[in-house]
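**Student:**
Residue numbers (the numbering used here): 180 to 490.
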């Protein structure tokens, strides 16, 4: 959730079918909402929440998809609260990173009828404690008796992070891990320790979250949490303006059916935020990911219809 901040501004005029072009030439553009051949408005603004890697990655992915489908795409990066305000006020059209039922519930409640839920694309967003996959612990509670095999340490992230609060106030007392050295520093420091341990073949336990590119980059797995101390998994939803499905009926259908699995999402994030070749160029990262996933665009745009979105 809280690695580098990446911004991307897109202003592309994609080619449309000849019929769409001829219709557009005859259509009035006084309200700024010219339409594609599908009946959708042509211009769309994606609100990207700064600091939320999965939202940044998926927003850039959809920007590319929409450009290829003939939309004029603009992106605006801002704090998550500003993006919700933009949706409610019509300054932005769509947000791909709404965590429910907990993390962003206050925004959904606040803006109510001024925004609309366009579908769930990921359903396993959660806080975790992870270990290298070949280490002995299976549950969080195992760390109590196996502490010496993990250098008697649990590596954390920033002091003010919600993950740190949950680990300190819930997981540690629930599983009796008070004797572990719970180190709190930063996300980059945690990832550096994780990489160092994996490279050396040492066991390590870290606080982490899904979705995160580390699951694609390193051979790690989550410890089971039978007591539910780290909290339940959340869903990530796409939200739009209140009238989104009216203005973008075909796109609303695509978004309703859009999902990413762990392998797809983690690999996209890993390219965008961790690959030296692409981490400063999100558009190139998306291009590389689409090349490795050649069926993706057809899968998300081929089966949905305007009628689906209205159901």
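C-beta: ideal position from N, C-alpha, C; glycine also.
Keep in mind it's a predicted model, so treat the numbers as computed, not measured.
(1) For residue 316 and residue 323, I'd like the C-alpha separation in whole angstroms.
(2) Do you know whose CA, among 374, 293, 409, 283, lies nearest residue 345's CA?
(3) Give me the Cβ distance between residue 445 and residue 392, rounded to the nearest whole Å; I'm assuming they're in contact under 8 Å.
(4) Could you tell me if residue 340 is buried or exposed, where buried requires 16 or more neighbouring beta carbons within 10 angstroms of its beta carbon?
(5) Report yes or no: do the segment 425-432 and the segment 218-237 share at least 3 C-beta pairs separated by less than 8 Å?
(6) Does the Cβ of residue 135 have 16 or more other Cβ atoms within 10 Å, making it buried, or fewer, making it exposed?
(7) Specify the secondary structure class of residue 296 as computed by DSSP and reduced to three states.
(8) If residue 336 sits next to residue 384, beta carbons under 8 Å apart, how far is it from one beta carbon to the other, in whole angstroms?
(9) Confirm the yes/no value for this check: CB of residue 333, any heavy atom of the ligand NAP, distance under 7 Å.
(10) Could you check the C-alpha separation between residue 254 and residue 353 for me, to the nearest Å?
(11) Between the C-alpha atoms of residue 227 and residue 376, what's the straight-line distance to the nearest angstrom?
(12) For residue 277 and residue 294, I'd like the C-alpha separation in whole angstroms.
(13) Tell me which residues share the same chain as residue 305 and place their Cβ nearer than 8 Å to its Cβ, disregarding the 5 neighbours each side in the sequence.
(14) Just to confirm, are residue 296 and residue 223 a CB contact at a threshold of 8 Å?
(15) Apart from the five residues just before and just after residue 350, which ones in its own chain have a Cβ nearer than 8 Å to its Cβ?
(16) Which residue's Cα is closest to the Cα of residue 434: 415, 368, 235?
(17) Here's the rule: buried if 16 or more other CB atoms are within 10 angstroms of the residue's CB, otherwise exposed. What is residue 233?
(18) Taking all protein chains shown into account, decide if residue 245 is buried (16 or more other Cβ within 10 angstroms of its Cβ) or exposed.
**Tutor:** On the basis of the data shown:
(1) Rounded to the nearest whole angstrom, the CA to CA distance from residue 316 to residue 323 is 10 Å.
(2) 409
(3) 6 Å
(4) buried
(5) yes
(6) No statement about residue 135 is possible, as the shown extent of the chain runs from 180 to 490 and does not include it.
(7) In the structure shown, residue 296 sits in a strand (DSSP, three-state: E or B).
(8) About 13 Å separates the two Cβ atoms, so there is no contact after all.
(9) As far as ligands go, the structure on display features none, and thus does not contain the ligand NAP.
(10) 43 Å
(11) 33 Å
(12) 12 Å
(13) Answer for residue 305: 388, 389, 409, 410, 411, 412, 413, listed in chain order.
(14) At a Cβ-Cβ threshold of 8 Å, residue 296 and residue 223 do not count as neighbours.
(15) 308, 319, 356, 404, 408, 409
(16) 415
(17) buried
(18) buried
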